[in-house]
Amino acid sequence: MVGGDSGGRDCIERTHKAWPELKLMQTESECGMGDNSWQYAEYIFHLVNHYLTHGAIAYTYWNMVLAGTESTWGWHQNSLFSVDTEAKTFTRNPEYYVMRHYSHFIKPGARVLDVEGRFSSMASAYENPDGTLVVVVQNALDRELEFSFSDPDHAGRAFTATLAPRSFSTFTLD
C-alpha cells in the first residue's frame, strides 16, 4: 500500500518496477481544504491518473460524505458529497465526477495500456476484461482542444473528439 503524501506519489513507479508482483494501492487521498473546487478536482484527477498509470491497482478517496466541509476531527476537507443536514439535501462535489470517470467505466481486472503522444500525461487507457477499451482524458486548458486516440493493436479503435475547456472526458470503444 502506498499512502497519499508526496512520498507515495514520488515512489509508486519505482516501487512497481522493483516488485511488479505486488498489488499496490493508493490508500489515502489528499483531502484538500474544504473548498470542493473544480481546481482541486483537476489536481485529484492528476493524482488518480498518476497512481493508476504507474502501478497502483486501486485509488481510495478519503472522504465520501461530509456534513458541510468539516471532518469529525475538526479539519476542513473536501468530500465526494456534502450534506446539508438542516435542509436535508446533498451536493455532488467536483471530485465525485473525477472518481466517477474512473470507477464507472473501468472494471475490476482492467489492464492499463500505454499512452503515447501529446496527451500522455493527461490521459490513460484501460482494456476491460470484456475487451472494451476505456480512455480517460483531461483538458486542463481554458480553450477547446482536439484529442485523437488510436489503439495500435486494433486499427478500428480510433477516434477524434473536441474536449471542452477545463474538462474530464471518458470514451469507451468496443
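Position one of the sequence shown corresponds to residue 0 (numbering that gives the first Met the number 0), numbered consecutively onward.
Backbone N, C-alpha and C define an ideal beta-carbon position, used for all residues, glycine too.
Item	Value
Could you check the C-alpha separation between A109 and L140 for me, to the nearest Å?	29 Å
Where does R91 fall in DSSP's three states?	strand
Look at E29 and L46 and say whether their C-beta atoms are less than 8 Å apart.	yes
Would you report the Cα separation of S168 and A160, rounded to the nearest angstrom?	10 Å
How is the beta strand (DSSP E) around Q25 delimited, first residue to last?	L23 to Q25
Assuming the contact rule is C-beta atoms closer than 8 Å, L23 and G54 should be a hit. Round their C-beta distance to whole Å, please.	5 Å
Only counting the same chain, and skipping five residues up and downstream in sequence, which positions put a Cβ closer than 8 Å to that of Y96?	A40 and F167
Quick check on DSSP: helix, strand or coil for L132?	strand
Between the Cα of D129 and those of E27, F104, Q25 and S70, spot the shortest distance and give me the residue it belongs to.	F104
With DSSP as the reference, identify every bridge partner of H75, one or two as the case may be.	E69
Which residues does DSSP pair with N138 in a beta bridge?	S166
Run through DSSP, which three-state label would V114 get?	coil
What does the Cβ neighbour count give for P151, buried or exposed, with the cut at 16 atoms within 10 Å?	exposed
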